[in-house]
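One structure below.
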Amino acid sequence: MSEKARYFVYILLCGDGSLYTGITNNLERRFEAHKNGKGGHYTRSREVVKFVYTEEQPNRSLASKREAEIKSWSKEDKLALIKAKATE
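Under UniProt numbering, the residue at position 62 of the sequence shown is numbered 62, and the numbers go up by one with no gaps.
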């Protein structure tokens, strides 16, 4: 039997200081896609610097819901989430 699928919600820091939120089931592959201009439309015109936040979810549905929630937040709220995770 295959291992249960895991998904991640992530926030990327872009070279212009902006943040990009997305989901994936493979963080390394998704980062490379963003770096090579094959990720989200938003990151195609921006340098992708690094992941600043990752959060595991048990399935795609929950990851998508969490992504939508985080995307609705202000940049300040996202930075607070990143800071809180960094101090765990």
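All C-beta atoms, glycine included, are put in the ideal place defined by N, C-alpha and C.
Query raised in the report: Ordered along the chain, which non-local residues of its own chain (more than five positions away) have a Cβ less than 8 Å from that of alanine 33?
Result: Gly39
Query - Proximity of isoleucine 23 and tyrosine 53 at Cβ, strictly below 7 Å - result: no
Query raised in the report: Could you give the distance in angstroms between the alpha-carbon of threonine 87 and the alpha-carbon of arginine 30?
Result: 25 Å
Query raised in the report: Between the beta-carbon of glutamate 56 and the beta-carbon of phenylalanine 8, is there less than 7 Å?
Result: yes
Query raised in the report: Leaving out five residues before and five after isoleucine 70 in sequence, what residues of the same chain have Cβ atoms less than 8 Å from its Cβ?
Result: Val9, Ile11, Thr21, Lys78 and Leu81
Requested in this report: Can you have a look at alanine 84 and say buried or exposed, based on whether 16 or more other CB atoms are within 10 angstroms of its CB?
Outcome: exposed
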